Amino acid sequence: MSVVAISQSLGSLGEEISCELAGALSYDFADREIIMATAERFGEGATGLEHATEAKPTLWERFADTSRRYLAYVEAVILEMAAQDNVVLVGRGAVFLLQKVHHALRVRISAPVYVRANRVGQQQGLAPGGATALVEQSDQERAARIKFFYHVDWDDPLLYDLFINTDDLSVKHAVRLLQNALESGRFRPTADSVADVQDLRLTAQAKASLMMHPVTQALLLVNPITRQLPLSLTCQRGYLTITGTVDREDQRTAVEAIVGKLPGITGVRCEIAVALPGLRPPGA
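Residues in the sequence shown are numbered consecutively from 118, following my numbering.
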């Protein structure tokens, strides 16, 4: 039992490797399935969710709440899948979400640009120049999105347990390489690592739930002036701690009510300060 999180470059054979690995291990496979599950669960359009998790955020999107909200929904679904074990997760930031999960095998699959451009050109019938431009654009957009949302360099090898170059490596051999890695004791779940992923899952569920509520949604968005989040959520062995500052008492009350209803939460410590205790909610 384990979790495999794969980050792939366009034309790297990453999807083929991921799919074949899942079949060989009898694991669930989730790539676009993540988007479809998110759309079904949260009632959002698949196209918007896909864009938010794949494309480089525009200047407007960097300050809008929609992208952050969509990302929170997708992260909640990814961590729900990871908590169930026996799954291969492809893209959507899964590698970065599972950085602290000891039994998650985090993989990057890539190849030189010219190799990937040749594959993409053959698959899509593109001229060499067009294929190269497409691959480079994809790399730039994915790197920018990951940098913006997770504050890491996509190409940093230290983010991954395994970095696979498919220049001269077949899908079959890459799958075998991953199977060999999983056979080591390093990626077997322990009681602590299972509890860690459950804590991440509960934190993500709490954030997504707060994002859905009009009174609390803005509390999970970065202030454009201070660049700080009004609220911070952490979970340890099912016990959720919420810290930060809100403007009104009704916001604090709503936060406590929403997270207190979530299945799996064993307790809530609310350390939210109210900046303006006498301020009334809009329309009151």
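Virtual Cβ for every residue (Gly too), placed ideally from N, Cα, C. No experiment lies behind these values; they were computed from the predicted model shown.
Whose C-beta lies closer than 6 Å to the C-beta of residue i among residues of the same chain, with five residues either side of it excluded?
i, result
"Cys352", "Asp316, Leu319, Thr320"
"Arg223", "Ala122, Val212, Tyr277, Asp278"
"His219", "Ser310"
"Val207", "Ile123, Ser135, Asp148"
Give a yes or no on whether the C-beta atoms belonging to residue i and residue j are separated by under 8 Å.
i, j, result
"Ala193", "Ala325", "yes"
"Gln257", "Ala141", "no"
"Ser119", "Asp202", "yes"
"Thr333", "Val385", "no"
"His330", "Ile375", "yes"
"Ile152", "Ala163", "yes"
Taking the beta strand (DSSP E) that residue i falls in, what are its first and last residues?
i, result
"Arg149", "Run containing Arg149: none in the beta strand (DSSP E); it sits in the alpha helix (DSSP H), 149-159."
"Ile382", "Ile382 -> no beta strand (DSSP E), and no H or E assigned at all."
"Val121", "120-125"
"Gln201", "Element bounds for Gln201: n/a, residue is neither H nor E."
"Phe280", "279-282"
"Thr370", "Looking at the DSSP string, Thr370 is not in any beta strand (DSSP E); the run it does join, the alpha helix (DSSP H), is 366-377."
"Leu348", "348-353"
In chain order, what residues of the same chain have a beta carbon less than 8 Å from the beta carbon of residue i, not counting five sequence neighbours either side?
i, result
"Val444", "The question about residue 444 has no answer here: the residues shown for the chain are numbered 118 through 401."
"Ala377", "Correcting the residue type first, residue 377 is Gly in the shown sequence and not Ala. Val385."
"Ala298", "Leu222, Asp278, Leu279, Phe304"
"Ala390", "Gly361, Thr362, Val363"
For the alpha helix (DSSP H) containing residue i, list its first residue and its last residue.
i, result
"Val212", "211-214"
"Leu130", "Looking at the DSSP string, Leu130 is not in any alpha helix (DSSP H), and its letter there is neither H nor E."
"Thr307", "Taken as a continuous stretch (DSSP letters only), Thr307 belongs to no alpha helix (DSSP H), as it is neither H nor E."
"Gly165", "163-171"
In angstroms with no decimal places, state the Cα-to-Cα distance between residue i and residue j.
i, j, result
"Thr249", "Lys289", "26 Å"
"Arg303", "Asp273", "21 Å"
"Ala147", "Asp313", "21 Å"
"Ala169", "Ser184", "5 Å"
"Pro341", "Ala261", "For Pro341, the pLDDT reaches just 45, beneath the cut-off of 50, and the residue's location in the model is therefore unreliable, although a value from the coordinates is still provided. Roughly 19 Å separates the two Cα atoms."
"Leu348", "Tyr190", "17 Å"
"Lys264", "Gly210", "11 Å"
"Thr370", "Gly381", "20 Å"
"Leu350", "Val205", "27 Å"
"Ala139", "Glu388", "43 Å"
"Gly355", "Leu243", "51 Å"
"Ile226", "Leu275", "14 Å"
"Tyr187", "Leu166", "6 Å"
"Ala221", "Ser124", "13 Å"
"Tyr144", "Glu161", "27 Å"
"Lys255", "Pro245", "Here residue 255 is Ser; the residue named in the question, Lys, does not match the sequence. Cα-Cα distance, rounded: 15 Å."
"Ser61", "Val311", "This structure does not reach residue 61, given that the chain is present from 118 up to 401, and the question cannot be answered."
"Glu366", "Ala323", "19 Å"
"Phe280", "Val363", "43 Å"
"Ile195", "Leu130", "22 Å"
"Ala156", "Thr383", "28 Å"
"Ala308", "Ala154", "28 Å"
"Leu379", "Leu286", "45 Å"
"Arg259", "Glu197", "23 Å"
"Val247", "Gln240", "In the sequence under discussion, the amino acid at residue 247 is Gly, which differs from the Val named in the question. Their Cα atoms are separated by approximately 13 Å."
"Asn217", "Leu294", "Note that residue 217 is Lys in the sequence shown here, rather than Asn. Spanning the two alpha carbons is a distance of roughly 23 Å."
Spatial neighbours of residue i within its chain, please: CB distance less than 7 Å, with the 5 preceding and 5 following residues excluded, ordered by chain position.
i, result
"Glu133", "Val288"
"Cys136", "Phe146"
"Ala200", "Val314, Gln315, Arg318"
"Thr283", "Ser129, Leu130, Ile226, Ala228, Ala291"
"Leu215", "Val120, Ala122, Ala199, Ala221, Arg223"
For the stretch 218-303, which segments carrying the beta strand (DSSP E) assignment without a break, of at least 3 residues, lie completely within its bounds, in sequence order?
221-227, 279-282
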